[in-house]
Ligand SMILES: Nc1nc2c(ncn2[C@@H]2O[C@H](COP(=O)(O)OP(=O)(O)OP(=O)(O)O)[C@@H](O)[C@H]2O)c(=O)[nH]1
Ligand SMILES: [Mg+2]
């Protein structure tokens, strides 16, 4: 498969260099322990990288360990920090979508507020599965916005894959039901369900998603096999609130964080995953079909900490 390299993700690296410059300038410092100034500096650098609440907890933990005489050398601090950052990201196989036991189509449900990138992520995941030899059907369960179904249809045509949609204003749960039915009859591997990002009220949206979930599970027990929350990586704390709200309504299996191209705020990825307790699975780094990367926690943290 020919994959054109997407634009490099700027995760806002150089975190280690910045920490060193505020806290570890003096070689003796590690032996004595970091003073208040240095620790505040570490916390500030982590906060500036958009780590949110994690900045405070990491800095506190560092202080405690220093006081106990642990982490005496610079490389010890660095590898400890790497572990701390990795721990918040959760495990999992980057880029591998769970399609269930194979006795029917795997169902992937996408949710997120309007404009987060659900429809383009649906198309890009479909493309990804197709590239790997899987048959995919798209389900346009965003019946609220008239143009939404059309947008997904355009992608489906471009990708040469079938798309099930409903009447504008119709029942999104019925679209999901029909799509699973169609994919089952055709012996297909996967159904990707695109959903609405906005209804007349937020609670109406959550109710609609819960109903869609119930109907999906009724039609295919065990489904959805993946429930991915799509978050716009540029909106910071807002994304966190959205995440909590969707997380209460849906059993999330992963996050897809979009629009990380052109931001140097890699720490936001960490903060979201950590606070929501849901692993990041994919990151969007552009608008093209290829611009959805499997999220690799280790290489991400290494880039973040690079000098
Ligand atoms: N630069 C950039 N743009 C992106 C990325 N992902 C999505 N977009 C753009 O964001 C805009 C919104 O994407 P959609 O996929 O339509 O978002 P949505 O969540 O389906 O929105 P609604 O249907 O309104 O709920 C589009 O212009 C996308 O091309 C990304 O990773 N980087
Ligand atoms: Mg959409």
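In my numbering, the protein residues as written are 234 to 540. From the three backbone atoms N, C-alpha and C, an ideal C-beta is built for every residue, glycine too. Because the structure is a prediction, the values reported are computed rather than measured.
Taken atom to atom, the span from the alpha-carbon of residue 432 to that of residue 347 is near 9 Å.
A Cβ-Cβ separation of about 5 Å places residue 339 in contact with residue 458 under the 8 Å criterion. For residue 317, same chain residues with a beta-carbon under 6 Å away, outside a window of 5 residues either side, are 291 in chain order. When C-beta atoms of the stretch 475-488 are compared with those of the stretch 433-442, three or more pairs fall below 8 Å, so the two segments count as touching.
Secondary structure of residue 506 (DSSP, three-state): helix. Around the CB of residue 435, fewer than 16 other CB atoms lie within 10 Å, so the residue is classed as exposed.
A contact between stretches requires three or more CB pairs, one per stretch, nearer than 8 Å, and the stretch 514-530 meets this requirement with the stretch 324-333. Within the chosen limit of 7 Å, ligand 1 does not reach the beta carbon of residue 425 with any heavy atom. Between residue 449 and residue 370, the CB-CB gap reaches or exceeds 8 Å.
In the same chain as residue 401, and ignoring 5 residues on each side of it, the C-beta atoms closer than 8 Å to its own belong to 376, 379 and 382, in chain order. Judged by their CB atoms, residue 374 and residue 428 are nearer to each other than the 8 Å cut-off. Every alpha helix (DSSP H) stretch that sits fully inside the stretch 269-339 and reaches 4 residues is listed by chain position as 269-281, 286-300 and 307-320.
Residue nearest to residue 453 within the set 296, 413, 426 and 472 is 413 (criterion: CA-CA distance). Classified as exposed, residue 312 has fewer than 16 neighbouring CB atoms from the shown chains inside 10 Å of its CB. By the C-beta density criterion, residue 465 is buried, having at least 16 other C-beta atoms within 10 angstroms. If you check the C-beta of residue 492 against ligand 2, you find no heavy atom less than 7 Å away. Check the Cα spacing between residue 288 and each of 515, 504, 531 and 421: the tightest is with 504.
Following the DSSP letters along the chain, one finds residue 523 in no alpha helix (DSSP H), marked with neither H nor E. In this structure, residue 531 has its beta carbon at no less than 7 Å from each heavy atom of ligand 2. Taking the Cα of residue 332 as reference, the smallest distance to any Cα among 473, 447, 358 and 407 is reached at 358. Taking the Cβ of residue 253 as the reference point, every heavy atom of ligand 1 lies at 7 Å or farther away. The beta strand (DSSP E) runs of length 3 or more contained entirely in the stretch 431-491 are, from start to end of the chain, 459-465 and 487-491. Contact between residue 278 and residue 295 fails: their C-beta atoms lie close to 12 Å from each other, not under 8 Å. Taking 4 residues as the minimum length, the alpha helix (DSSP H) runs contained wholly in the stretch 388-419 are 405-418, in order along the chain. For residue 257, there is no enclosing beta strand (DSSP E), as DSSP marks it with neither H nor E. Set against 7 Å, the gap from the CB of residue 527 to the closest heavy atom of ligand 1 is not smaller.
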